[in-house]
Structures are given as C-alpha cells and as structure tokens.
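Visitor:
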Amino acid sequence: MKIKSQKDFFSGLMFTVIGASFAYGATSYNIGSGARMGPGYFPLLLGVILALLGAAILFKSLVFETPDGEHVGAFAWKPLVFIIAGNLLFGVLLGGLPSIGLPAMGLIVAIFGTTIVVSMAGDEFNFKETVVLSVILSLMCYGAFIMLLKLQFPVWPSFISG
Amino acid sequence: MDLINNLSLGFGVAFTFQNLIYGFIGCLLGTLIGVLPGIGPVATIAMLLPATYALPPIAALIMLAGIYYGAQYGGSTTAILVNLPGESSSVVTVIDGYQMARKGRAGPALAAAGLGSFFAGCVGTLILAAFAVPLTEVAFKFGPAEYFSLMILGLIGAVVLASGSLLKAVAMIVLGLLLGLVGTDVNSGVARYSFDIPELTDGIGFIVIAMGVFGYGEIITNLAQPEDKREVFLGKVTGLFPTKEDFKNMVPAVLRGTAIGSILGILPGGGALLAAFAAYTIEKKTKLRPGEVPFGQGNIRGVAAPESANNAGAQTSFIPLLTLGIPPNAVMALMVGAMTIHNIQPGPQVMTSNPELFWGLIASMWIGNLMLIILNLPLIGMWIKLLTVPYRWLFPAIVLFCAIGVYSTNNNTFDIWLVGAFGVVGYVWAKLSVEPAPLLLGFILGPMMEENLRRALLLSRGDWSVFVTRGLSASLLAVAAVMLIVVLLPSVKSKREEAFVEE
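If you read the protein sequences in the order shown, they are chains A and B.
Here the first sequence is numbered in the working numbering, starting from 4 and rising by one per residue.
Here the second sequence is numbered in the working numbering, starting from 173 and rising by one per residue.
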C-alpha cells in the first residue's frame, strides 16, 4: 500500500500510539463506573478517542490522494541538536548533576555555556562575538533576575560561594 | 448606572502609580519582543510570565495584559516595516502595510494601525464591561452538565475556526486533555502517569509545554529555513500623520474592522487571527473610491481594518475567560495558567469575590491601549533599530530566557529536561504540520472537564443522557454539532481553506 500523505501517516501513527498507551496506562487505575468515576475513567475514554482519531488520520493518509505526497522532509538536525543541548546544558550547569558528582556551577557559568552552545545552531558562528553576547546577557540577567526580581538562583559555582 | 460605577472602581484600581508602572512595563516588554519576527504572543507571554510571579495578583495580570497587547501591536510594526508578520494575526497587515512603507508612507501606515487599534481597543473594553455582568449571571445558572457542554463547544469552536486539518486539531485537543490529567488526581489522590517521578505528581507545568512547543519549536523551525534576505525598511519614517484623504478612507474601515473583531473575538478559537483575516477580506470586497490605491499596492484600509479587528478581537476574547472561566484561545489559556499561579480560579465568581481585580483589569486594558499609542508612535525609531539586530544574536538570548523562565517557575532542573523534550516534540509537530495551539487549550481544560463530567454523571447516577435532556446543555452541544457539520460541508470546506491562504 502506498502512503498518500507522509505527514498525515506519521501524525496518525503518533496519535494512535500515544492514545493506546494512555488507554493502556489507565487500566492500571481504578476505572469505576459513570456514576462513580475512578481515576482511570476519563483517561481511558480520552485514550480510546485519541487512538480512534489517530486511526482515522492514518486511514486518510493511505486512501486520499494529495498533490505532492506531503513529504515530511529532512530534519534540521543542527539547530535541533544545538538548541536542545544548550537548554539541557543550562540545567546541568545551573543545578549540577549529583548523580555523577558534578557540582552546581551557578547562573553565570550556565549563561556562558548555553549561549555558546545555542549559538552553534545558526549558520554563522563567531566565537568572539558569542563571548561578547554572553557577557551582555550575563549582565542583563544578573540585573533583571537577581537584583530586580530577586529570584532564587545559585549565581556562582557552589565550590566558590560555599 | 452600574456600568459607570464598576468602571470607576476599575479605574481607581488601575490608576494607582504602581499598577500604571506595571502596565507600562508590560506594554514595553511586550512590544519589544513582539517586534522581533518569529516570536508570537504565546511564546512572548510564556517567556515573560515568570517575571510576574513576585507581583501582587492585580499587578501581575495588568502587566500580562500589557504584554499581550504589546506583542500584538509590535507584530504590526514588524509587518509594516520588514514585510514579515511579527505574529500570525498581522499576516494580512503585511500585504498593504509593507507596500505603503515602500512608497515612503510608513508613517501613515503605522499611525493608521495605531489609531485603529486604539479605537478598537476602546470599543472592545466597553463591550467587555457591558457584557461582563449579564454573562456572569447566566454563568451562575450553569450546572456541571452545562459547563461540560460549554467546554465541548469551546474546544470544537476553537478548531473549526482555526486553520489546518480538522481531524489533527481535534486529536491535538484530546492529547492536550490527556496531558492535563498527568499528576495527582484530586479526587482519589492517585498519581496518574507520573512514572514514580516526584516532580510529575504535580502535573506538567503549562509554561513547560508553552515554551518547549512554541518557543523552542519555533526557533528550530526558523533556523531550519535558509535565511532569506530580510529587507528592513531603514529609511527615516517621516510624516507620521495621515492626510485628510487617508482619514476619509480609514474611518469606515476602522469601524468595520472593530465590529467584525468584536464579534469574532468572543467566539472560541477566533480571537485576533480570524478577525484580521475576515476584516481584510471584507475590505477587499467593498468598492474602491475613485482615486484610491488598489489593495495589495498600499491601500491604507488594508492596514486599518485588520489592525482594528485584531485588537478588538484581542480585547473581547477576554469575555469568555473572565465571565465563564473558559479560555477561547491559546493566549487566554496562558492567562488562566497565570491566574491559577496567583490562586485565582477564573470563572463567574471572580467578579463578585474579587471586584477590584476584575474591573481593575478591564480598566487597565483601556489604559494599556492608550500607553501603546504613546509608546509606539514617538518611539518608532527605537523599534526600527531593534529590527536591525541580527537573528543570530537573538535566538541564543531567547533560548536562555526560556530556560531561566522555566527554571524559576519551580526552582527545579527537572522542568528544564522536560522543556527540552517538548522542544523536540514541538519541532516534530511543525514538521508534521500539526498545529500546537489546540493542545494548549485542551491542556488547560483537561482537569476542569474531568471534574465537571464527574459531577454531572454523579448527579445523573451515571446516565449520559443528562447532557441532552437538560435544555441549555443540549443547545450548547447542538451548536457545536452544527459548527462541525457546517465546516465539513464540501463548499464551506474549500472556502475555509481559501480564507487562510491570503497572499
């Protein structure tokens, strides 16, 4: 069988799988009855509906002709990886990872790390420029979040500030 | 006159020095980020929301409303000057606005957008104030069955009036509802879908979803496209004031735009985007006056009407939120989240239990509109400068602010891992052409819907027919069904697709 719309095929598949998983998960809770709904009742209902909707989308993608096949196209791995990696690095540097013994490095280090990694997602990457940007952002964040809004952040690495 | 009393109470609250300042900061920040192309109001509000945590509830909501208008308005500046819609509701403004700018009439275009928006904002505020009381009274007659049906109607309306595939949009709503159920069930105390992760027993934060899907998802999508040469209009904007001839053309367009925007704003899902599209289409259908520039070549009506409409729509979309507690679109869903953070449960009781907040917010909307005019027309030079900042400096800053914002919500790194995951998911959805806005709506409504369904079925002893035997509930469901059927009619279906492709 030929896939008529790639986008619909994969979204249908996604909805079906997610819906079925939610419905399956709901069966481990008490379902109850209409008059006495248990915690599993509503999620089971929604999970089944979602799976059915997904199946309908899947069916549509296999039956109805589209002019160009609606291809998903290539993934932009570079921005995807660097943006998400930069985001995760922010968490790692800010809070540390106790499980591998990495200490919290604080906000300023996290800003530098994140800005540099995220900048690599773009087409042009200039290290010097990125460092300047990091300095500006650090000053801005310190001013806005720490001094003005007084948010509770570890600012400096834990082994310095103690 | 109750209306006058209520409004004066509101202005009393809004005109305190502190609240004026917060409103001003909100408008300024909102415009600042709204001007940047590629970041819509949802991402803007999500990003700036953490900045309001520390404020008292009234000030926080006033600031958020300011951010919303600012983002809305900033988008039109970008549309006129850069030929890029700053956000989706100014897509149509681009068409004639940019042409005006190219002909050296950027000033009048910006003024038309500003004055039109201000007028629409004033009317919208009055409508909001006038409708609030009677609608709230209706809302008090609602039982759980009616609420459940109303939410169904709201969700169906949201997808019917939005663009894109209907089936996928409905699926996204259901997925949103399911994600909204993650966490501890209030009735049984069972932690659902938390996989023994303590952070998940509190549920998924709506900021995490909004920032991941809208913020990161949008940035990755933007970066994935080859950078087309942005043609920034850098000439000096001179002669801000429209001519007498411009005014003659503008005024009826503004009036029509305001009327359309006000009506469509109340409808679920419509809000600003649909209002702008509808207003532009109507202007295009009205006859050109002799000597008037055709549409698509810089007609001032093509700027004034959609801008008035989207502002009126932005204003009146607060009505269902404030009176019924039901958000009609993704931006309002974020407002619900913001209110819950400040321990305000949106709904009809807000007006009676919290009149200062309710009327203060309404009054501050009008003040916000006034501020935008003051802020935007004289400061236009500054916004133009901002447009020349290259994107390669902007997106690291945006990612950073998102990460900081997410962390500061709970002071918890777990949310940062989660927002990363939603960023990936958001990009995948963009690749699959799955519109994420309905998800956010469902996410906010999930727990509310379950609660009302539970109560309705408890009262009817498990009999589902309660939704169709109670008159009000039945008519709400009937309207929802009619909407679905109408949209699925082949003739309407093609029109609907057409309406969103306006180039």
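Beta carbons: idealized from backbone N, C-alpha and C, even for Gly.
Note that the structure is a prediction, hence the values are computed from the model and not measured.
Could you tell me whether any non-hydrogen atom of the ligand PLP is closer than 7 Å to the CB of Ile556 of chain B?
Guide: By its list of ligands, the structure shown contains no ligand whatsoever, and the ligand PLP lies outside what it can speak to.
Visitor: So Gly37 of chain A contacts chain B; which residues on that side make the cut at Cβ distance below 7 Å?
Guide: Result: Leu629, Gly634 and Trp636.
Visitor: Using only alpha-carbon positions, find the residue among B:Thr250, B:Val254, B:Gly286 and B:Leu613 that is nearest to Val414 of chain B.
Guide: The question names Val, but residue 414 of chain B is Pro in the sequence shown. Selected option, being the one with the closest Cα: B:Gly286.
Visitor: If we ignore side chains and look at the alpha-carbon of each, how far apart do Glu607 of chain B and Trp601 of chain B end up?
Guide: Between Glu607 of chain B and Trp601 of chain B, the C-alpha separation is close to 7 Å.
Visitor: Roughly how many angstroms separate the alpha carbons of Leu282 of chain B and Met235 of chain B, rounded to a whole number?
Guide: Cα to Cα, the separation comes out at about 24 Å.
Visitor: Could I get the ranges of all uninterrupted beta strand (DSSP E) runs contained in the stretch 308 to 390 of chain B, with 3 residues as the minimum, in chain order?
Guide: If we require 3 residues or more, the stretch 308 to 390 of chain B turns out to have no beta strand (DSSP E) run fully inside it.
Visitor: With 8 Å as the threshold, decide whether the Cβ of Ile576 of chain B is near any Cβ in chain A.
Guide: Closer than 8 Å: yes.
Visitor: So if I threshold CB-CB distances at 7 Å, which residues from the stretch 528 to 540 of chain B count as touching chain A?
Guide: So nothing in the stretch comes that close.
Visitor: What number of angstroms, rounded off, separates the C-alpha of Gly182 of chain B from the C-alpha of Trp531 of chain B?
Guide: Rounded to whole angstroms, Gly182 of chain B to Trp531 of chain B spans 4 Å at the Cα level.
Visitor: Is Asn583 of chain B close to chain A? Criterion is C-beta to C-beta, closer than 8 Å.
Guide: It does: the Cβ of Asn583 of chain B has a partner Cβ on chain A nearer than 8 Å.
Visitor: In the DSSP assignment, what are the bridge partners of Leu105 of chain A?
Guide: In DSSP, Leu105 of chain A forms a bridge with A:Leu100.
Visitor: DSSP state of Gly41 of chain A, grouped into three classes?
Guide: Reduced to three states, the DSSP call for Gly41 of chain A is coil.
Visitor: According to a CB-to-CB cut-off of less than 9 Å, which residues of the stretch 108 to 126 of chain A neighbour chain B?
Guide: Of all residues in the stretch 108 to 126 of chain A, Leu110, Ala113, Ile114, Thr117, Thr118, Ile119, Val120, Val121, Ser122, Ala124, Gly125 and Asp126 have a Cβ within less than 9 Å of some Cβ in chain B.
Visitor: For Gly470 of chain B, name the three-state secondary structure that DSSP assigns.
Guide: If DSSP states are grouped into helix, strand and coil, Gly470 of chain B belongs with coil.
Visitor: Pick out whichever of B:Pro527, B:Gly474, B:Val651 and B:Val561 has its Cα sitting closest to the Cα of Ile267 of chain B.
Guide: For Ile267 of chain B, the nearest C-alpha among the options comes from B:Gly474.
Visitor: Could you please give me the residues that DSSP links to Gly463 of chain B through a beta bridge?
Guide: Partner(s): none; Gly463 of chain B has no beta bridge.
Visitor: Closer than 8 Å, Cβ to Cβ, to anything on chain A: give me those residues from the stretch 270 to 287 of chain B, in chain order.
Guide: The residues in question: there are none.
Visitor: For Ile392 of chain B, which residues from the same chain have a beta carbon less than 6 Å from its beta carbon, with the 5 sequence-adjacent residues on both sides left out?
Guide: Closer than 6 Å at Cβ, skipping near neighbours: Tyr599.
Visitor: Taking just the CA atoms, how far does Ala447 of chain B sit from Pro453 of chain B?
Guide: In the sequence as displayed, the identity of residue 453 of chain B is Thr instead of Pro. So the alpha carbons of these two residues sit roughly 10 Å apart.
Visitor: Tell me whether Tyr166 of chain A is buried or exposed, calling it buried when 16 or more other Cβ atoms sit within 10 Å of its Cβ.
Guide: One cannot answer for residue 166 of chain A here, as it falls past the ends of chain A, which runs 4 to 165.
Visitor: Residues in the same chain with beta-carbon distance under 7 Å from Phe162 of chain A, minus the five sequence neighbours each way, listed in chain order, please.
Guide: Here the set comprises Pro106.
Visitor: Can you give the Cα-Cα distance for Arg402 of chain B and Glu127 of chain A, rounded to whole angstroms?
Guide: The predicted model places Arg402 of chain B with a pLDDT of 49, which falls under 50 and marks its position as unreliable; any figure quoted below should be read in that light. Taking the straight line joining both Cα atoms gives about 16 Å.
Visitor: What in chain A is Cβ-close to Arg626 of chain B, meaning under 7 Å?
Guide: Those within 7 Å of Arg626 of chain B in chain A are Met40.
Visitor: Please report the straight-line C-alpha distance between Ile149 of chain A and Gly389 of chain B, rounded to a whole angstrom.
Guide: Cα to Cα, Ile149 of chain A sits roughly 28 Å from Gly389 of chain B.
Visitor: Could you tell me whether any Cβ in chain B is nearer than 8 Å to the Cβ of Ala59 of chain A?
Guide: With 8 Å as the cut-off, Ala59 of chain A counts as an interface residue toward chain B.
Visitor: State the Cα-Cα distance for the pair Gly198 of chain B and Gly116 of chain A, rounded to the nearest angstrom.
Guide: Distance between the alpha carbons of Gly198 of chain B and Gly116 of chain A: 29 Å.
Visitor: Closest to Ser647 of chain B by CA distance: which of B:Ile205, B:Pro228, B:Leu227 and B:Tyr319 is it?
Guide: Per the Cα distances, B:Tyr319.
Visitor: For the stretch 558 to 572 of chain B, enumerate the residues whose C-beta is nearer than 8 Å to any C-beta of chain A, in chain order.
Guide: The residues in question are Tyr563, Arg564, Trp565, Phe567, Pro568, Ala569, Val571 and Leu572.
Visitor: Select from the stretch 337 to 362 of chain B all residues with a C-beta closer than 8 Å to any C-beta belonging to chain A, and list them in chain order.
Guide: Those residues of the stretch 337 to 362 of chain B that come within reach of chain A (Cβ to Cβ, closer than 8 Å) are Ser337, Leu339, Lys340, Val342, Ala343, Val346, Leu347, Leu349, Leu350, Leu353, Asp357, Asn359, Ser360 and Val362.
Visitor: Between which residues of its own chain and Ile111 of chain A is the CB-CB distance below 8 Å, once the five residues before and five after are set aside?
Guide: Same-chain partners within the cutoff: Ser141, Tyr145, Val158 and Trp159.
Visitor: Alpha carbon to alpha carbon, how far is Ala535 of chain B from Val561 of chain B? Give it in angstroms, no decimals.
Guide: About 35 Å.
Visitor: Examine chain A for any beta-carbon lying closer than 8 Å to the beta-carbon of Tyr240 of chain B, and answer yes or no.
Guide: Not closer than 8 Å to any Cβ of chain A, the Cβ of Tyr240 of chain B fails to qualify, so no.
Visitor: When you compare the CB positions of Gly614 of chain B and Val358 of chain B, do they come within less than 8 Å of one another, or not?
Guide: Contact flag unset, no.
Visitor: Shortest alpha-carbon distance to Leu92 of chain A belongs to which of B:Val571, B:Leu629, B:Lys603 and B:Thr581?
Guide: It is B:Val571.
Visitor: Does any CB atom of chain B fall closer than 8 Å to the CB of Phe62 of chain A?
Guide: Judged by the 8 Å Cβ criterion, Phe62 of chain A is not in contact with chain B.
Visitor: Please tell me whether Arg364 of chain B has its Cβ less than 8 Å away from any Cβ of chain A.
Guide: With 8 Å as the cut-off, Arg364 of chain B counts as an interface residue toward chain A.
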